[in-house]
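Enquirer:
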Amino acid sequence: MYDYLIVGAGLFGNVWAHEATKRGKKCLVIDRRNHIGGNTYCENVEGINVHYYGAHIFHTNDKEIWDYVNSFVEFNRYTNSPIANYYGELYNLPFNMNTFYQMWKVKTPEEAKAKIQEQIEAANIKDPQNLEEQAISLVGTDIYEKLIKSYTEKQWGRKCVDLPAFIIKRLPVRFTFDNNYFNDRYQGIPIGGYNKLNEALLEGTDVRLGVDFFQNRAELEALAKQVVYTGQLDEYFGFQLGYLEYRSLRFEHQTLDTANHQGNAVVNYTDGETAFTRIIEHKHFEFGTQEKTVITHEYPQEWTPGQEPYYPVNDDKNDRLLREYRKLAEVETNVIFGGRLAEYRYYDMHQVIGSALVKVRKHFGE
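Residue numbers (the UniProt record's numbering): 1 to 366.
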């Protein structure tokens, strides 16, 4: 009945469906969730597009990708400028002259550089052996203690001294008064939310929601000539070699009877006593003026099978297991594996789209 059965209605699967349909192919997209869009899904509450699975801010340096997404929906001029809250003290992110003034009252780049260098030299770390030592050797002790240490430990569920140094290979430090978190040339949010982008990508494609590929696998595979699989790589093979590990997240959404709760889309809580890592106020992504507001508390947590997998744990143990699963995947000649779960890697949205376009072109010999 179909040329392609696409397992997963996230960005990779939706881009593949659009491109294959454009080339005259017939696609069926299925997803075990009851909505399209994967983690980019937005739920409309009080006229506000709530990023249901956490903040998603589109940014890229790739003009082709930027033009591609804007061909489906217009993007606004949102600029990500998060705030850090450390026991009630507020700091601008990423680390820039505003941050350094707030922390030390220094007013010139020379003063800021001298303060950071003084702390780096005092720490006297020559060969960083863990994340803590790596961070201090890059930005000194004050920034590490207030803005990195506890936030990172909450995010990963492990002490910084027990995390490998390579997680923080470098830290963005700017000696300008620039609060733009990303250095990318293009940045924004789809006007009307990400659902508009995903709906446009799936136009002309058959979609079935609430369908678990693994519960009706043989029946579903029989519907198409080829499978495009975007789910967990180890799950495809029945976890036969063991589980690839992830960090997971839990979200608590609240509607508040106020027009403006925190004055910013993202506020990170970098102290060790606050259980959540950040509060997201969704209306600010689209400069909303609604009478009410919706906020989301984001709690990192250990991943166990059955929970949503968010961040791959790319340590030596998981990398070895990944190589073994990739060997199994290479034998599956009738299956195309793609996306963050099937490739077990952290992808930004533009990278998922770019990866899908590359694989489409390769598949069709273009």
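Glycine included, C-beta positions come from ideal geometry on N, C-alpha and C.
Would you check if the distance between the CB atom of His51 and the CB atom of Phe276 is smaller than 9 Å?
Expert: No. Outside cutoff.
Enquirer: Just how far apart, CA to CA, sit His261 and Ile295?
Expert: Going by the C-alpha atoms only, they are around 8 Å apart.
Enquirer: Could you pull out every unbroken beta strand (DSSP E) segment of at least 3 residues lying fully inside the stretch 89-124, listed in chain order?
Expert: Here the runs fully enclosed are 89-92.
Enquirer: Would the stretch 93-106 count as touching the stretch 161-178 if we require 3 or more Cβ pairs under 8 Å?
Expert: Touching, yes.
Enquirer: With distances taken between CB atoms, is the gap from Arg33 to Gly306 smaller than 9 Å?
Expert: Not a contact, by the Cβ cut-off of 9 Å.
Enquirer: Tell me which residues share the same chain as Leu90 and place their Cβ nearer than 8 Å to its Cβ, disregarding the 5 neighbours each side in the sequence.
Expert: Excluding residues within five positions, the ones whose Cβ falls inside 8 Å are Ile83, Ala84, Gln102.
Enquirer: Looking at C-alpha atoms only, which residue of Phe287, Ala123, Val7, Tyr229 is the closest neighbour of Gly47?
Expert: It is Phe287.
Enquirer: Can you check DSSP and say which residues form a bridge with Asn85?
Expert: Bridge partners of Asn85: Leu90, Tyr269.
Enquirer: May I have the straight-line CA-CA distance separating Glu111 from Lys149, to the nearest angstrom?
Expert: The alpha-carbon atoms of Glu111 and Lys149 are separated by roughly 24 Å.
Enquirer: May I ask which residues mark the beginning and end of the beta strand (DSSP E) holding Asp3?
Expert: Looking at the DSSP string, the run of the beta strand (DSSP E) that includes Asp3 is 2-7.
Enquirer: Can you tell me whether Phe100 is buried or exposed? The criterion is at least 16 other CB atoms within 10 Å of its CB, across all chains shown.
Expert: Result: buried.
Enquirer: Contact check, Gly13 vs Thr230 under 8 Å by CB: the rounded distance?
Expert: Their Cβ separation, rounded to whole angstroms, is 5 Å, which keeps Gly13 and Thr230 in contact under 8 Å.
Enquirer: Taking DSSP's pairing of strands, which residues face Ala224 in a bridge?
Expert: Partner(s): Tyr2.
Enquirer: So Ser248 is in the alpha helix (DSSP H); what residue range does that whole segment cover?
Expert: Note, Ser248: premise wrong, no alpha helix (DSSP H); beta strand (DSSP E) at 246-256.
Enquirer: What is the rounded straight-line gap between the Cα of Val139 and the Cα of Val267?
Expert: So the alpha carbons of these two residues sit roughly 21 Å apart.
Enquirer: Using DSSP's beta-bridge definition, name the partner residues of Tyr53.
Expert: Answer by DSSP bridge pairing: none, since Tyr53 is not bridged.
Enquirer: By DSSP, does Val211 sit in helix, in strand, or in coil?
Expert: DSSP places Val211 in coil when its eight states are reduced to three.
Enquirer: Residues in its own chain within less than 6 Å of Asp271 by CB, not counting five upstream and five downstream?
Expert: Closer than 6 Å at Cβ, skipping near neighbours: Tyr86, Tyr87, Ser150.
Enquirer: By DSSP's criteria, Asp206 is part of a beta bridge. Which residues make up the other side?
Expert: In the DSSP output, where bridge partners are listed per residue, Asp206 has Leu28.
Enquirer: State the Cα-Cα distance for the pair residue 380 and Tyr246, rounded to the nearest angstrom.
Expert: What the structure shows of the chain is the stretch from 1 to 366, and residue 380 is not part of that stretch, so it cannot be assessed.
Enquirer: Between Tyr186, Asp142, Asp206, Lys126, which has its C-alpha nearest Leu28's C-alpha?
Expert: It is Asp206.
Enquirer: Where does Gln134 land, buried or exposed, given buried means 16+ other C-beta within 10 angstroms?
Expert: By the 10 Å Cβ count, Gln134 comes out buried.
Enquirer: Just to confirm my understanding: we take Leu197, look at its own chain, exclude 5 residues before and 5 after, and list those with CB closer than 6 Å. What are they?
Expert: If we look at Leu197 and ignore the five residues flanking it on each side, its Cβ neighbours are Phe72, Val73, Pro190.
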